[in-house]
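Structure first, then comments.
Residue numbers (mature numbering (1 follows the signal peptide of the UniProt record, and there is no 0)): -27 to -1, 1 to 213.
Here it is as structure tokens:
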């Protein structure tokens, strides 16, 4: 009987020991009076303007849930991806979403939580009959991606015939439709085009390139400033 009571007490003590760091992290995060600066591009299903212009979507719902659990003030703004890297360097962004990791190791940023899957596609002109996964396509097709995006970096690093893109979805589509490029590598942005492209958009093909788990990206200046936030935020996301 004494032995069983001993092991029961030990299990409780170990459980409390495991819980204590999370409690300490949560208290540290809640005690901060600074507002967490969150940014998104606002052109995807995870966060986009509703009919009133307010950002809405599953990413916004999860973020709101986590921040409410942390009792932490935050603000969400939209910014073009082409500006993100510079803003990170200047320490102006704490969290960016949705983000994904292609398996690259980067000590300056960490992706927390799982929002779902982010699908990246080849969007091609209808008369482009080359296989986008072939060597011929890589060597000869003119391709582009949204500036500052992970697909842009991938194309540039891997020797594709890269043509500089734009952060304007309508102009990007015109680059494809007008023949300046043969394909665009990006998340599917067709739903965000102006109504005038309703018929023209039918003349493109969409081929899935890859799917990645999407989450919230935290950057090193913010992590260094608030080292307890990462663990507390991850715990809060688990409950959302």
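Quick reminder that beta carbons are idealized off the backbone N, C-alpha and C, glycines included.
Item to complete: Starting from the Cα of residue 177, find the closest Cα among 136, 203, 152 and give me that residue.
Response: Minimum Cα distance to residue 177 is reached at 152.
Worksheet item: Per DSSP, what kind of secondary structure is residue 133 in: helix, strand or coil?
Response: Under the three-state reduction of DSSP, residue 133 is assigned to coil, being neither helix nor strand.
Practice prompt. Please look up how many angstroms separate the CB atoms of residue 188 and residue 86, rounded, as I've assumed it's under 8 Å.
Written response: In this structure, residue 188 and residue 86 form a Cβ contact; the two beta carbons are roughly 5 Å apart against a cut-off of 8 Å.
Fill in: Closest by C-alpha distance to residue 175, when choosing among 146, 203, 190
The residue with the shortest Cα to Cα distance from residue 175 is 146.
Discussion item. Out of 33, 28, 48, 21, which one is the CA nearest neighbour of residue 8?
Written reply: The shortest C-alpha separation from residue 8 is found at 48.
Worksheet entry | Sequence-distant residues of the same chain with beta carbon closer than 6 Å to residue 169, five excluded per side | For residue 169, same chain residues with a beta-carbon under 6 Å away, outside a window of 5 residues either side, do not exist.
Item to complete: Return the chain-ordered list of same chain residues with a C-beta closer than 6 Å to the C-beta of residue 157, the five sequence neighbours on each side being excluded.
Response: Correct list, in chain order: 96, 117, 149.
Discussion item. Tell me the DSSP secondary structure of residue 154 in three-state form.
Written reply: In this structure, residue 154 counts as coil in the three-state DSSP scheme.
Practice prompt. Report the rounded CA-to-CA distance for residue 209 versus residue 129, giving the unit in angstroms.
Written response: Going from the Cα of residue 209 to the Cα of residue 129 covers about 37 Å.
Fill in: With 16 other Cβ atoms within 10 Å as the buried cut-off, status of residue 133
Buried, by the Cβ-count rule.
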